[in-house]
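Down below is the structure, laid out as structure tokens.
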Amino acid sequence: MTTVLVVDDSAIDRRLVGGLLSKASDWKIEYAADGAEALEHAKQALPDLIVTDLHMPRMDGLELVRAMRVHHPEVPVILMTAYGSEAFAVEALQQGAASYVPKSQLADKLKDTVREILARARASRSYEALLSRLNRSEFTFFVELGNDASLIDPLVDLVQQTVARARLCDSSGQLRIGVALREALLNALLHGNLEISLERMDEAR
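Below is the structure:
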């Protein structure tokens, strides 16, 4: 059964959020009063997802996001934000939060947001499991660049992202692949398609 941990220092708000999530779902809802308690809870039984308030004593929602990113990066965290906390929400997203929902819109958006993030997390875990069993992979790109040099950089980015997702090499290797591919494509375009000689290129410089 999917477990959602609700974290809020207000007992009333905890139960309110838990009630919203319990409706039309079979999720198991558990509770913690602040970020520190949530981390202790995660040590005992890791939830599938955390919904947390932003402002709490001992450890607030932003600190909880950072801690979960370090200790349990596979568990997504959704922030509940009050009016005026938009800047903190943006920072939380940058720190690794999966999403945020304004408290004024919990009734309308919280369940759908939780469903969406849970689906993404399941897909990510399936992808990780697949990669762990991957012994060999081949990628073929058929792209008609024509004479449009502006398409080279997007294609190089696509190849680098594919290499990164498949964990074929580290970041320095990805960089080397990008540089080599860009050079090869430019050479093919200039000297092949456009038939520009090295001498003409030197003269143009």
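Residue numbers (our numbering): 0 to 204. No residue lacks a Cβ here, since even glycine has one placed at the ideal position from N, Cα and C. Predicted model only: the values in this text are computed from it and were never measured.
Check                                                                                                 : Outcome
Neighbourhood of Leu-150 by C-beta, 8 Å cutoff - its chain only, sequence neighbours within 5 removed : Val-142 and Leu-144
Residue from Arg-164, Ser-103, Leu-78 and Val-158 with nearest C-alpha to Leu-53                      : Leu-78
Length at least 4, wholly inside the segment 128–165: the alpha helix (DSSP H) runs in chain order    : 151–164
Same chain, Cβ closer than 8 Å to Asp-25, neighbours up to 5 away in sequence not counted             : Met-0 and Thr-1
Inter-residue Cα distance where the pair is Leu-48 and Glu-115                                        : 11 Å
Best match in Arg-68, Glu-90, Arg-57 and Leu-4 for proximity to Thr-80 [C-alpha to C-alpha]           : Glu-90
Reference Gly-18, options Ala-32, Val-3 and Asp-8, closest by Cα                                      : Val-3
N-terminal and C-terminal residue of the beta strand (DSSP E) that Ala-97 is part of                  : Careful: Ala-97 lies outside any beta strand (DSSP E) and carries neither H nor E.
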